[in-house]
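J.:
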Ligand code: ADP
Ligand code: GLC
């Protein structure tokens, strides 16, 4: 696998969780899985201590030759991570952006990662059956495989590209073609060119043997003009090779029965520990210890338009003025949205709590403490936080899009199998109604609440089925390359 993120080493969102949990599950099935990542300086020191340097300088053949170093880490499941050390690109405080927006040299940084992935087998004297590459940052790997690396050691190696988020495509000035050492005949609208720029992801979509995205509904949505982000036509062309596979979650990290970050543990048969998590959290944020206090709604998210939390921000004061509820929100991202949420929280300190930042432990505690998890996404390729919520007996309130639609069973269809609340239009009224509906269920139908909590906790969100579907994709890709 080639990726720009993998938890716990480096993570900006769900991509990091998805890459490492899928790799772990394949490795646990006995496959020889190796993951190439940049050696970012932000990788925590306690993790770096167990990396081992590989001997020899590693040469990377962009148009010019570059020399780098490789480090290796082998997990308890025998999963091998290779970390590419090249400080000029990866010694930075953040993964993709600084105070003035995305790093200007992101195309060079990730072309470098992709070319390193192509040169790695020769260095290791080990050839994979298939490259599984994630998002635009790794999308040049299939481009190299089908062009300059078409002959030789990698001739029969297949490629699978997974799109975690089509919104980010990796646009670059066309001079990147020279930098990357790619041939100029790729400068065509049916290869790398898009709107006068190079588009990494488009290139990957044209050249990968198999394409996947992270939920069946999103696989359909990206073929439409509305959610195709300018590439709907490309998906019509490659549509036969595109499948949607719902992400799983890492049950060893997200399990309320064993989660060490919680003040109390619990499972579907005994939810007492969940009450304690709520009481403990509310004491810290709102300063009281009511056991049967108002329902607690939480959101843990990147704060970007994708997530629709601006719509929540717009109606929050209306909600807390008309319903007896509490909100706790953890997130960071766009300054304007952070400010909007911070200012409402200041107006209603006993009802709304907002923490501006990124905090993994808090994310676990809030997911356990909450009654409801709010996700009004404009689009959502898969979404992991609604899966974590259901695992923790917290009912998601989601907009019916992408993976949210595929993973949450609405209580509008009866409570028997329901795991949450689903609404359709991203309007103030529709979100207000969904919150009101959840609030009424909390106060008037505690039996339904319990049934839905238990339904979610008992669902299987592991990688068991999805990793099998990825294995099928790897076989398709390998067969394609064998012929
Ligand atoms: P996305 O990848 O689009 O951000 P996902 O739901 O797939 O959405 O994954 C988000 C991941 O990032 C989850 O693991 C979530 O807990 C984590 N996360 C998002 N924002 C924060 C935050 N502010 N603090 C801690 N974890 C966060
Ligand atoms: C992206 C998507 C998110 C998905 C995650 C992991 O960040 O925005 O919906 O869950 O990737 O696949």
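In our numbering, the protein residues as written are 763 to 1245. All C-beta atoms in this analysis are idealised placements derived from N, C-alpha and C, irrespective of residue type, glycine included. Predicted model only: the values in this text are computed from it and were never measured.
1) Bridge partners of residue 959, per DSSP?
2) Return helix, strand or coil for residue 836, following the three-state DSSP convention.
3) Between residue 1219 and residue 1152, which are expected to be in contact by the criterion C-beta below 8 Å, what is the C-beta distance as a whole number of angstroms?
4) In or out: residue 945 buried (at least 16 other Cβ within 10 Å) or exposed?
5) Give every residue of the same chain whose Cβ lies closer than 7 Å to the Cβ of residue 801, excluding the five residues on either side of it in the sequence, and list them in chain order.
6) Determine the extent of the alpha helix (DSSP H) in which residue 1075 is found, giving its start and end residues.
7) Spatial neighbours of residue 1149 within its chain, please: CB distance less than 7 Å, with the 5 preceding and 5 following residues excluded, ordered by chain position.
8) Starting from residue 972, follow its DSSP beta bridges and name the residues at the other end.
9) So does the segment 780-800 actually touch the segment 1228-1235, counting three or more Cβ pairs closer than 8 Å?
10) At a cut-off of 7 Å, is residue 1142 close to the ligand GLC when judged by its beta-carbon and the heavy atoms of the ligand?
11) Confirm, please, whether the CB-CB distance from residue 764 to residue 960 is below 8 Å.
12) Is the distance from the Cβ of residue 1163 to the Cβ of residue 1142 below 8 Å?
13) Let me check you understand the geometry: is the CB of residue 926 closer than 7 Å to at least one non-hydrogen atom of the ligand GLC?
14) Would you identify the three-state DSSP class for residue 930, choosing helix, strand or coil?
15) Kindly list the residues whose CB is nearer than 7 Å to the CB of residue 949, restricted to its own chain and excluding five residues on each side of it in sequence; keep chain order.
16) Which of the three DSSP states, helix, strand or coil, is assigned to residue 794?
17) Would you verify that the beta carbon of residue 794 is, or is not, closer than 8 Å to some beta carbon of chain C?
18) Find the nearest neighbour of residue 830 within the set 871, 860, 1092, 771, judged by alpha-carbon distance.
19) Do the segment 993-1012 and the segment 1179-1195 make contact, defined as three or more Cβ pairs closer than 8 Å?
20) Cα-Cα, which of 971, 968, 909, 922 is closest to residue 943?
21) For residue 931, is the classification buried or exposed, using 16 other Cβ atoms within 10 angstroms of its Cβ as the cut-off for buried?
22) Reducing DSSP to helix, strand and coil, say where residue 1093 ends up.
23) Hey, would you say the C-beta of residue 1064 is under 7 Å away from at least one heavy atom of the ligand ADP?
24) For residue 892, list the residues DSSP reports as bridge partners.
25) Do you know whose CA, among 885, 775, 878, 929, lies nearest residue 816's CA?
26) What distance in whole Å lies between the Cβ atoms of residue 1155 and residue 1215, which are believed to be in contact at a cut-off of 8 Å?
27) Report the rounded CA-to-CA distance for residue 1088 versus residue 1110, giving the unit in angstroms.
28) Determine which residues share a DSSP beta bridge with residue 966 and list them.
29) Count the CB pairs spanning the segment 1121-1139 and the segment 1058-1071 that are closer than 8 Å, and state whether there are at least three.
30) Closest to residue 1090 by CA distance: which of 1084, 1104, 1080, 1083 is it?
31) Under DSSP, the alpha helix (DSSP H) around residue 765 begins and ends at which residues?
32) Is the separation between the beta-carbon of residue 1070 and that of residue 1102 shorter than 8 Å?
33) Looking at C-alpha atoms only, which residue of 873, 854, 868, 842 is the closest neighbour of residue 825?
34) Taking the alpha carbon of residue 1119 as the point to measure from, which residue in 1107, 1193, 1093 has its own alpha carbon closest?
35) For the candidate residues 1017, 989, 779, whose alpha-carbon lies nearest to that of residue 1068?
36) Nearest to residue 771 by alpha carbon, out of 804, 791, 792?
T.: Let me lay it out:
1) Looking up residue 959 in the chain shown gives position 197. Paired residue(s): 956.
2) Start at 1 with the first residue of the chain shown, and residue 836 comes out as number 74. In this structure, DSSP gives residue 836 an extended state, which the three-state scheme calls strand.
3) Position 457 of the chain shown, counting from 1, holds the residue named residue 1219. Position 390 of the chain shown, counting from 1, holds the residue named residue 1152. For a cut-off of 8 Å, the C-beta gap from residue 1219 to residue 1152 is around 7 Å, short enough to register as a contact.
4) For the purposes of this step, residue 945 is identified with residue 183 of the chain shown, where counting begins at 1. That one is exposed.
5) Reading the chain shown from its first residue, position 39 is the one you call residue 801. 833, 845, 846, 847, 852.
6) Counting from one through the chain shown, the residue named residue 1075 turns up at place 313. Per DSSP, residue 1075 belongs to the alpha helix (DSSP H) from 1071-1084.
7) Numbered from its first residue, the chain shown carries residue 1149 at position 387. 1011, 1169, 1223.
8) Position 210 of the chain shown holds residue 972. Bridge pairing for residue 972: 922 [DSSP].
9) Yes, they touch.
10) Numbered from 1 along the chain shown, position 380 holds the residue referred to as residue 1142. For the ligand GLC, at least one heavy atom lies less than 7 Å from the Cβ of residue 1142.
11) Position 198 of the chain shown, counting from 1, holds the residue named residue 960. Position 2 of the chain shown, counting from 1, holds the residue named residue 764. No, they are not a contact pair.
12) For the purposes of this step, residue 1163 is identified with residue 401 of the chain shown, where counting begins at 1. For the purposes of this step, residue 1142 is identified with residue 380 of the chain shown, where counting begins at 1. Taking 8 Å as the Cβ cut-off, residue 1163 and residue 1142 qualify as a contacting pair.
13) The count along the chain shown starts at 1 and reaches residue 926 at position 164. Because some heavy atom of the ligand GLC lies under 7 Å away, the Cβ of residue 926 counts as near it: yes.
14) Position 168 of the chain shown, counted from the first residue, corresponds to residue 930. In the structure shown, residue 930 falls within a coil segment according to DSSP collapsed to helix, strand and coil.
15) Residue mapping note: residue 949 aligns to position 187 of the chain shown, counting from 1. These residues qualify, in order along the chain: 936, 939, 955.
16) Counting from 1 along the chain shown, the entry for residue 794 is found at position 32. Taken through DSSP and simplified to helix, strand or coil, residue 794 comes out as coil.
17) Absent from the structure is chain C; it holds one protein chain and no more.
18) What you label residue 830 is simply residue 68 of the chain shown in a count that begins at 1. Selected option, being the one with the closest Cα: 871.
19) Counting Cβ pairs under 8 Å, fewer than three are found: no touch.
20) Position 181 of the chain shown, counting from 1, holds the residue named residue 943. Nearest C-alpha to residue 943: 909.
21) Taking the chain shown and counting its residues from 1, the one referred to as residue 931 is at position 169. The residue in question, residue 931, is buried, as its Cβ has 16 or more Cβ neighbours within 10 Å.
22) Here residue 1093 refers to the residue found at position 331 of the chain shown. Strand.
23) Counted from its first residue, the chain shown places residue 1064 at position 302. In terms of side-chain proximity, the C-beta atom of residue 1064 is found nearer than 7 Å to a non-hydrogen atom of the ligand ADP.
24) Your numbering for residue 892 matches position 130 in the chain shown. For residue 892, which the question treats as bridged, DSSP gives the partners 920.
25) Mapped onto the chain shown, residue 816 falls at position 54. Ranking the options by Cα distance to residue 816, first place goes to 885.
26) Against the chain shown, residue 1215 aligns to sequence position 453. Against the chain shown, residue 1155 aligns to sequence position 393. At roughly 4 Å, the Cβ-Cβ gap stays under 8 Å, so residue 1215 and residue 1155 are in contact.
27) The sequence position of residue 1088 within the chain shown is 326, counting from 1. The sequence position of residue 1110 within the chain shown is 348, counting from 1. Each residue's alpha carbon lies about 10 Å from the other.
28) Locating residue 966 in the chain shown gives position 204, counting from the first residue. According to DSSP, residue pairing for residue 966 in a beta bridge does not occur.
29) Look at the beta carbons and you see the segment 1121-1139 touching the segment 1058-1071: at least three pairs across the two are nearer than 8 Å.
30) Here residue 1090 refers to the residue found at position 328 when the chain shown is read from its first residue. Distances from the CA of residue 1090 to each of 1084, 1104, 1080, 1083 were compared; the closest alpha carbon is that of 1104.
31) In the chain shown, the residue the question calls residue 765 occupies position 3. Residue 765 -> no alpha helix (DSSP H), and no H or E assigned at all.
32) On the chain shown, position 308 is the one that residue 1070 refers to. On the chain shown, position 340 is the one that residue 1102 refers to. Taking 8 Å as the Cβ cut-off, residue 1070 and residue 1102 do not qualify as a contacting pair.
33) Position 63 of the chain shown, counted from the first residue, corresponds to residue 825. The shortest Cα separation from residue 825 among 873, 854, 868, 842 belongs to 873.
34) Counting from one through the chain shown, the residue named residue 1119 turns up at place 357. When only C-alpha atoms are compared, the closest one is 1093.
35) Working through the chain shown from its first residue, we reach residue 1068 at position 306. If we check each option's Cα against that of residue 1068, 989 comes out closest.
36) The count along the chain shown starts at 1 and reaches residue 771 at position 9. Proximity to residue 771 across 804, 791, 792 peaks at 804, based on C-alpha coordinates.
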